[in-house]
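Heads up, the thing below is written out as structure tokens.
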Amino acid sequence: MKADIRVALVGNPNTGKSTLFNTLTGLNQKIGNFPGVTVDKKTGVCTLPDGRTAEIIDLPGTYSLYPKSQDESIVFSVLADKANTHTPDLVVVIIDATNLKRNLLLYSQVADLKIPVIVALNMIDLSKKAGITIDIDLFAKKLGVPVIPISARKVEGIDKLKAAIGFANKIALQEPSIDVEAIAPQLIAQISEELKLDNPYFALQLAHQHETVKFLTPQQSDRIEELEKEFSFHSQKAQGAETIARYSFINDLLYDTVKIPETAKDETVSNKIDKVLTHRVFGLFIFLGILLFMFQSIFSWSAYPMEKIGDLFAWAQNSLHQVLPAGPLTGLVVDGVLGGLSGVMVFIPQIAILFAFISILEDTGYMSRVTFMMDKLMRKVGLNGKSVVPLIGGFACAVPSIMSTRTIENWKDRMITIMVTPLVTCSARLPIYVLLIGLVVPNRNFWWVFNLQGLALTGMYIFSLISAVVVAFAFKLILKGRERGYFIMELPVYRMPRWNNVAYSMYDRSKAFVLQAGKVIIAVSVILWVLASYGPGDRFAKIEQKYKQPQYAQKLKPDDLTRAINSEKLENSYAGALGHFIEPAIRPLGFDWKIGIALITSFAAREVFVGTMATIYSVDGNAEKIESVQKKMGSAKNPETGKPVFSLAVAFSLMMFYAFAMQCASTVAVVYRETKNWRWPAIQFAYMTVLAYAASLLAYNLLK
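Just so we're aligned, residue 259 is where the sequence shown starts under our numbering, counting upward by one.
Written as structure tokens, this is what we have:
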């Protein structure tokens with residue numbers, strides 16, 4: 259259904275634009291891409307007080323209409339291109355009421371494009387708390403547009419904003435902010451005449467951006483280039499003159515409409531906190547302490563719900579085996595589908611807790627400080643400060659993190675960031691680490707505070723960051739680039755996290771994990787169950803015939819007999835044949851053919867490893883005694899030595915393998931999508947596989 263009005267949200271980063279978008283649209287959102295580029299397009303539908311609907315477009319955050327990245331270039335393209343299907347009927351400019359001077363620069367540029375505008379004066383509650391007095395009526399009168407004070411976080415003033423959108427004019431009524439034509443009168447006049455434009459600021463913007471905008475023909479772009487040379491137009495000088503003129507207008511506006519008490523001009527609370535949290539020495543230790551607390555909490559807080567989820571699935575599998583008749587269909591449902599599903603659901607508590615912490619760090623403003631602190635270190639290894647955002651985001655998932663590298667202007671910095679981001683421990687590796695650490699690391703406290711399992715998990719996360727930095731330095735020496743990178747980031751003020759947003763993030767990310775990873779895991783589990791339950795020729799019939807002989811029936815107990823038959827069938831199944839085929843290559847790493855099966859299936863996605871082990875050991879074990887996958891793996895014995903299969907050496911060898919291996923089809927696909935060349939994902943896959951094998955080999959030989 260087509261909406262009655264199209265509204266674009268425009269604003270600086272950290273002005274609450276995304277919060278306002280979520281408040282206006284709720285769950286009526288969808289994400290795609292703007293045509294011709296890889297920039298995310300977030301759209302949603304909002305119902306207005308008069309019953310009409312508005313399509314809301316959340317444009318990328320930018321400080322001005324002069325772009326520094328592909329994301330920022332989208333803003334001018336969408337606002338200016340009349341033929342674009344996303345061109346809005348109305349623009350809502352979100353302005354931070356506590357930082358009016360900086361935010362009004364973008365407003366003045368958007369307003370001069372002569373599109374109907376409404377100003378949403380966000381964080382009005384914080385400005386009042388700081389003692390800042392804004393004469394809203396005079397402010398609106400001088401701008402010539404509706405100004406609606408709101409607090410997006412507290413959902414205050416939203417109804418008034420919706421009403422203003424419903425009553426918005428179809429023609430732009432805003433007052434001009436500066437004399438645009440005075441900047442380059444001859445050039446603006448000539449461009450306006452040849453392209454038949456009636457807006458001088460539109461003509462000036464085309465003079466700056468004609469090489470990058472998509473809606474100009476090559477002939478039009480070339481003609482603008484000729485006119486610039488003819489009239490000796492210097493883009494940077496023109497931008498400087500425009501910016502000075504705009505800030506003169508902004509200063510006059512604020513002088514008449516805003517009163518700031520002397521106390522508000524003093525050092526802010528955020529600055530005082532930053533003196534501690536971003537200290538050049540203590541800041542890094544505080545960050546490591548926060549990471550340690552996070553991963554200690556993931557283990558300790560999730561233990562009880564994980565145990566209950568595992569018990570629930572064990573009970574369900576036992577019950578179904580008792581109720582349903584024995585046969586292939588029962589085995590498929592209980593051991594294939596339900597066994598694979600248990601490998602997904604049992605790790606929901608850890609996933610939820612991890613994303614809760616990430617959401618809190620982002621909401622409070624601390625995540626921005628982390629990127630600021632690590633900027634100097636990143637530069638030494640050939641990265642841009644902006645590279646820290648994808649690397650930290652890699653804790654959640656490499657796919658959106660690699661997509662976020664679009665904000666890095668320098669080609670070399672961006673390519674290095676893309677190549678090393680998958681090394682950072684993502685949420686898909688978390689179930690593997692938790693499973694293996696739980697097998698071989700004692701669950702006891704160290705110095706009464708630190709849990710050994712939590713320390714091991716923290717170590718894996720820190721190790722992944724160190725690995726990414728070391729590999730980035732290697733790429734710095736290999737890749738050649740002449741551009742010079744730079745890092746500009748605004749540090750938002752510290753705020754209390756929005757707990758409803760934290761809860762939604764926990765729910766949304768856990769749901770995504772179950773639905774996305776779960777589909778793959780269950781599909782692979784079903785295929786694997788079939789491969790593990792059937793074998794070539796009459797091998798299974800011969801095994802059953804073998805164990806019917808008196809010497810086996812008399813010597814072995816019924817449970818042991820069933821286990822022996824199932825184990826031999828698994829080894830002679832199609833899955834067993836596949837595992838035995840690659841076993842010579844992985845034997846030096848301490849892996850047997852069963853682990854080999856899991857390595858192959860987890861090429862689809864790392865987390866499939868857990869579901870695969872659950873399926874393998876459901877098939878291998880006694881179906882009447884279903885245990886959790888961790889208990890089954892812990893009790894597995896090497897038939898040759900009689901020792902546990904998953905020793906300390908094997909467990910850490912496996913963790914080293916998964917720390918480096920590129921076992922995620924989605925990551926390969928997104929790297930191709932972002933680089934438009936199969937060479938880069940191929941190089942990435944190759945170097946990560948070599949590193950995985952080498953690190954695994956080293957770990958096994960050191961610990962065995």
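Positions of the beta carbon are idealized from the N, C-alpha and C atoms, including for glycine.
request  = Pull up the distance between the alpha-carbon of L282 and that of G498, whole angstroms please.
outcome  = Cα to Cα, the separation comes out at about 36 Å.
inquiry  = Does G402 come out as helix, strand or coil in the three-state DSSP assignment?
reply    = Three-state DSSP puts G402 in coil, outside helix and strand.
key: the stretch 702-717 contacting the stretch 939-959, beta-carbon criterion three pairs below 8 Å   = Result no; under three Cβ-Cβ pairs closer than 8 Å.
request  = Give a yes or no on contact between the stretch 483-499 and the stretch 451-466, applying the rule of three or more CB pairs nearer than 8 Å.
outcome  = Flag = yes, the stretch 483-499 and the stretch 451-466 touch.
inquiry  = Check whether the stretch 445-457 and the stretch 418-431 touch, using three or more Cβ-Cβ pairs below 8 Å as the test.
reply    = No contact exists between the stretch 445-457 and the stretch 418-431.
request  = Kindly give me the distance between the Cβ atoms of L819 and F915, rounded to whole angstroms, as I take these residues to be in contact under 8 Å.
outcome  = Between F915 and L819 the Cβ distance is about 35 Å, and since that is not below 8 Å, they are no contact.
ask   = So does the stretch 757-772 actually touch the stretch 562-573, counting three or more Cβ pairs closer than 8 Å?
value = The answer is no - the stretch 562-573 does not touch the stretch 757-772, with fewer than three Cβ pairs under 8 Å.
ask   = Is the beta carbon of D593 sitting closer than 8 Å to the one on W757?
value = No, the Cβ-Cβ distance between D593 and W757 is not below 8 Å.
key: Buried versus exposed call for T663 [16 or more other C-beta atoms within 10 Å across all chains shown]   = By the 10 Å Cβ count, T663 comes out buried.
key: Nearest neighbour of L641, chosen from A461, S659, W669, A614 [CA to CA]   = The shortest C-alpha separation from L641 is found at W669.
key: Integer-rounded CB distance, given that I801 should sit under 8 Å from N830   = Yes, N830 and I801 are in contact; Cβ-Cβ is about 7 Å, under 8 Å.
inquiry  = Measuring only the C-alpha atoms, how far is Q243 from P586?
reply    = Summary: the structure shown does not reach residue 243, with the chain confined to residues 259 through 962, and so no result is reported for it.
key: Close beta carbons around G402, own chain, < 8 Å, minus the five adjacent residues each side   = Answer for G402: L431, Q432, E433, listed in chain order.
request  = Determine the closest residue to K718 out of V333, F708, L688, F733, with distance taken between C-alpha atoms.
outcome  = Correcting the residue identity first, residue 718 is Met in this sequence and not Lys. Nearest C-alpha to M718 among V333, F708, L688, F733: L688.
request  = Check the C-beta distance from L323 over to F460 and give it rounded, since I have them as a contact under 8 Å.
outcome  = For a cut-off of 8 Å, the C-beta gap from L323 to F460 is around 11 Å, too long to register as a contact.
task = Would you list, in sequence order, the uninterrupted alpha helix (DSSP H) runs of no fewer than 4 residues that lie entirely inside the stretch 617-657?
result = For secondary structure counted as the alpha helix (DSSP H) over 4 or more consecutive residues, the stretch 617-657 holds these complete runs in sequence order: 624-631, 633-638, 646-651.
query = Quick one: what does DSSP say K895 is sitting in, helix, strand or coil?
reply = Looking at K895 - three-state DSSP - the assignment turns out to be strand.
key: Whether V678 touches F653 by CB criterion (8 Å)   = Contact flag unset, no.
task = Starting from the C-beta of T622, find all residues in its chain whose C-beta is less than 8 Å away, skip the five residues before and the five after it, and write them out in chain order.
result = Excluding sequence neighbours, T622 sits near Y752, R753, M754, P755.
inquiry  = I'd like to know whether the C-beta atoms of P346 and A266 end up nearer to each other than 8 Å.
reply    = Contact flag set, yes.
query = Which class does S409 belong to by DSSP, given the choice of helix, strand or coil?
reply = Of the three classes helix, strand and coil, the one that applies to S409 here is strand, per DSSP.
ask   = Considering L358, what are the terminal residues of the beta strand (DSSP E) in which it resides?
value = First-last for L358: 358-369, but that is the alpha helix (DSSP H), not the beta strand (DSSP E).
query = By Cβ distance, which residues of its chain are closer than 6 Å to A614, with the 5 residues on each side in sequence left out?
reply = The beta carbon of A614 sits closer than 6 Å to the beta carbons of V760, M764 from its chain, once the five residues preceding and following it are set aside; these are given in chain order.
ask   = Span of the alpha helix (DSSP H) holding I314?
value = Element bounds for I314: not the alpha helix (DSSP H) but the beta strand (DSSP E), 311-316.
ask   = Which residues in the same chain as D308 place their Cβ atom closer than 8 Å to its Cβ, once the five residues preceding and following it in sequence are excluded?
value = Closer than 8 Å at Cβ, skipping near neighbours: G424.
ask   = Tell me which same chain residues have a C-beta within less than 7 Å of the C-beta of V729, skipping the five on either side of it?
value = Contacts found: V678, L681.
query = When the Cα of L649 is compared with those of G696, A835, I720, P583, which residue comes out closest?
reply = Nearest C-alpha to L649 among G696, A835, I720, P583: I720.
ask   = Measuring CB to CB, does V772 end up less than 8 Å from V595?
value = Contact: no.
message = Under 8 Å, with one C-beta from each stretch per pair, do the stretch 894-912 and the stretch 938-947 reach the 3-pair mark?
response = As far as the Cβ criterion goes, the stretch 894-912 does not touch the stretch 938-947, which means the pair count is below three.
message = Given this structure, state the Cα-to-Cα distance separating N880 from L715, to the nearest angstrom.
response = The pLDDT assigned to N880 is 46, lower than 50, so where the model puts this residue is not dependable, and the model offers no usable value.
ask   = Mind checking whether A907 and L961 have CB atoms under 8 Å apart?
value = Remark: C-beta atoms of A907 and L961 approach each other more closely than 8 Å.
message = For the ligand GTP, I want to know if R845 counts as a neighbour, meaning its beta carbon is within less than 7 Å of at least one of the ligand's heavy atoms.
response = The ligand GTP is not among the ligands present in this structure, which contains no ligands whatsoever.
message = Under DSSP, the alpha helix (DSSP H) around A732 begins and ends at which residues?
response = A732: member of the alpha helix (DSSP H) spanning 710-736, first to last residue.
query = Are the stretch 387-402 and the stretch 313-323 in contact at 8 Å, needing three or more beta carbon pairs?
reply = With a cut-off of 8 Å on Cβ pairs, the stretch 387-402 is not in contact with the stretch 313-323, counting fewer than three such pairs.
query = DSSP state of R264, grouped into three classes?
reply = When DSSP states are grouped into helix, strand and coil, R264 belongs to the strand group.
inquiry  = Looking at M636: is its Cβ nearer than 8 Å to the Cβ of S645?
reply    = At the C-beta level, M636 and S645 come within 8 Å of one another.
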